[in-house]
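Single-structure report; data block below.
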Amino acid sequence: MTEHRPLHPRRSRRRAALAAGGFALALVVTGCGNGGNGTVDSSPAPEPSSQTSPPSTEVGEVPGGVTATQAQNLCSELEKQLQSWRTYTPTIGKAGLNGLVGEWITRNGLDPIAFLRDKSRIDTITQSACPDIREGAISALELPDLAAGLIGL
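For what it's worth, the working numbering labels the leading residue of the sequence shown as 80, then goes sequentially.
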């Protein structure tokens, strides 16, 4: 009578992926609260400051509205994940992409709402700063572009 197993292996994977995606979303939402306060000394909200990582205009700015250093940080983080994204299912990798981008936005004091409104900025930044790494991530995650893998960001 208990011949039926209620959980199918694919459903278990989907649930795991959804849980990972929810966790990534929680990281992004948490980052929204901290980034808006400017309490971290790396880049507070005021624009006229001459800190090393203001969100708008800086000498080393790349397409996408971030500094060359910020873009390189994103590229480095993406590159570190490429092998695991090739190993795991694309669904799990997409959750990892969301967490990585959310943490990068928070760590660099960037405006998460601006990235929420224009997810393609991640593609613009990576296309300019590290096109090979971007292509590797797109291939591993089976996406048309990185923006397509960003959920709730």
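We treat Cβ as the ideally placed atom computed from N, Cα and C, and that holds for glycine.
Sheet register partners of Thr146 (DSSP bridge): Glu140
Gly144 and Leu176 closer than 8 Å at C-beta: no
C-beta contact flag for Cys154 and Ile201 at 8 Å: no
Rounded distance between the beta-carbons of Gln151 and Ala219, thought under 8 Å: Not really, about 20 Å apart at Cβ, beyond 8 Å.
Through-space distance from Asp197 to Gly181, alpha-carbon basis: 14 Å
Spatial neighbours of Gln160 in its chain, beta-carbon cut-off 7 Å, leaving aside the 5 residues before and after: Gly175 and Leu179
Assigned secondary structure, Glu158 (DSSP; H/G/I helix, E/B strand, else coil): Taken through DSSP and simplified to helix, strand or coil, Glu158 comes out as helix.
As assigned by DSSP and simplified to three states, the class of Pro191: helix
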